[in-house]
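S.K.: Whatever position you read off the sequence shown (first residue = 1), add 170 for our numbering.
Glycine residues also receive a C-beta, built at the ideal position from the N, C-alpha and C atoms.
Bear in mind the structure is a predicted one, so any value in this text is a computation, not a measurement.
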Amino acid sequence: MFYLYYVLYTLKQRNTLSSTCMILSQRKAGNRMSDGETKYMEVDEEGGEQLVPFMDTFYSLASNDAHERSFAAASMIRHLFFKEETGQASIAETVKDGSYALTRLFNGLCSGRASARQGFASCLTSFIKVSFSKAPGDNADKIWMDLFMDNMGQPSEMNAADFVRNKLRECTNLEGPVKGKKSAGKKSRAEERDNRFGRLFGILAIVRSGTLTDASEQVRS
Numbered sequence: 171m172f173y174l175y176y177v178l179y180t181l182k183q184r185n186t187l188s189s190t191c192m193i194l195s196q197r198k199a200g201n202r203m204s205d206g207e208t209k210y211m212e213v214d215e216e217g218g219e220q221l222v223p224f225m226d227t228f229y230s231l232a233s234n235d236a237h238e239r240s241f242a243a244a245s246m247i248r249h250l251f252f253k254e255e256t257g258q259a260s261i262a263e264t265v266k267d268g269s270y271a272l273t274r275l276f277n278g279l280c281s282g283r284a285s286a287r288q289g290f291a292s293c294l295t296s297f298i299k300v301s302f303s304k305a306p307g308d309n310a311d312k313i314w315m316d317l318f319m320d321n322m323g324q325p326s327e328m329n330a331a332d333f334v335r336n337k338l339r340e341c342t343n344l345e346g347p348v349k350g351k352k353s354a355g356k357k358s359r360a361e362e363r364d365n366r367f368g369r370l371f372g373i374l375a376i377v378r379s380g381t382l383t384d385a386s387e388q389v390r391s
């Protein structure tokens, strides 16, 4: 059963990631907006769709429509990592929003809706890939994931791969209550099933992000 889910998910993930990358590339040359307008609601020069507002992307990631999920993922990645502003205020905003988004994406993996799991996992793949490969500025000493870790109070000696692994385990707890969520006690069978699928989708998202290449053997296992 898990193998079948893996095959289906991999095929859908490949199509979703391709759509996300295509959407981002199409909007790379978006119009600069004035200070009085809503941030990052950019429209491409051909008059394409407006990017989804950051907080609305989480709802669209759970849509039954694959294009809407892909577009929401592209909008989130654009909002977080491809801003035109590069000052300290913009970096601080990205650290705050990115830390929040990372937790929401991991939690969304445990949704009881298959479309939500697909949307959140696909976006998580792109989020991890970009945050491990991009830094806030050409001369930055830390990648984005390092800054998210600092903002979330993680030990300075912990590396980014360990942090992502621990975050996945925390948000898909198979035994006790998930940290930060209210629980009436022991998980129901449905909740346990959703968390197991959530962990599976999380593992696949991390693998597809390509960030395990240089990770320790403990993290890869």
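Return the first residue and the last residue of the alpha helix (DSSP H) that Gly268 is part of.
M.R.: Unbroken alpha helix (DSSP H) run through Gly268: Gln258 to Gly278.
S.K.: How far does the alpha helix (DSSP H) with Glu345 in it extend, from its first residue to its last?
M.R.: Neither: Glu345 is in no alpha helix (DSSP H) and is coded neither H nor E.
S.K.: Would you kindly work out how many angstroms separate the C-alpha atoms of Asp224 and Ala360, rounded to a whole number?
M.R.: A small fix is needed here, since residue 224 is Phe in this sequence, not Asp. Their Cα atoms are separated by approximately 30 Å.
S.K.: Specify the secondary structure class of Gly380 as computed by DSSP and reduced to three states.
M.R.: Of the three classes helix, strand and coil, the one that applies to Gly380 here is coil, per DSSP.
S.K.: If you measure between the beta carbons of Thr295 and Ser230, is that distance less than 7 Å?
M.R.: Against a cut-off of 7 Å, the Cβ pair of Ser230 and Thr295 comes out as no contact.
S.K.: For the stretch 338-346 against the stretch 234-250, do three or more pairs of beta-carbon atoms, one drawn from each stretch, fall closer than 8 Å, so that the two count as touching?
M.R.: In short, these stretches do not touch, since the Cβ pair count stays below three.
S.K.: So what's Glu254 in DSSP terms, helix, strand or just coil?
M.R.: Correct three-state label for Glu254: coil.
S.K.: Tell me, please, whether the stretch 277-284 touches the stretch 250-267 by the rule of three or more beta-carbon pairs shorter than 8 Å.
M.R.: As far as the Cβ criterion goes, the stretch 277-284 does not touch the stretch 250-267, which means the pair count is below three.
S.K.: So the alpha helix (DSSP H) Val300 belongs to, where does it begin and stop?
M.R.: Counting along the chain, the alpha helix (DSSP H) containing Val300 begins and ends at Ala284 to Ser303.
S.K.: Can you have a look at Thr208 and say buried or exposed, based on whether 16 or more other CB atoms are within 10 angstroms of its CB?
M.R.: With a pLDDT of 28 at Thr208, under the threshold of 50, the modelled position of that residue is not reliable, and the figure given next carries that caveat. By the neighbour-count rule (16 or more Cβ atoms within 10 Å), Thr208 is not buried but exposed.
S.K.: Taking the beta carbon of Gly307 as the centre, do at least 16 other beta carbons fall within 10 Å, making it buried, or is it exposed?
M.R.: The residue in question, Gly307, is exposed, as its Cβ has fewer than 16 Cβ neighbours within 10 Å.
S.K.: Tell whether a beta-carbon distance below 7 Å holds between Ile298 and Ala305.
M.R.: Their beta carbons are not under 7 Å apart, which means Ile298 does not touch Ala305 by this criterion.
S.K.: Looking only at its own chain, which residues have a Cβ that is under 8 Å from the Cβ of Ile373, when we skip the five neighbours before and after it?
M.R.: The residues are Leu338.
S.K.: Let's test the definition: count the other Cβ atoms within 10 Å of the Cβ of Met319 and tell me whether it reaches 16, buried, or not, exposed.
M.R.: The residue is buried, with at least 16 neighbouring Cβ atoms inside 10 Å.
S.K.: Pick from Phe290, Asp316 and Leu344: whose alpha carbon is nearest that of Phe333?
M.R.: Of the listed residues, the one whose Cα sits closest to Phe333 is Asp316.
S.K.: Below 8 Å on the Cβ atoms is my guess for Ala375 versus Ala291; work out the distance and round it to an integer in Å.
M.R.: Going by Cβ atoms, the distance from Ala375 to Ala291 rounds to 5 Å, so yes, they are a contact pair.
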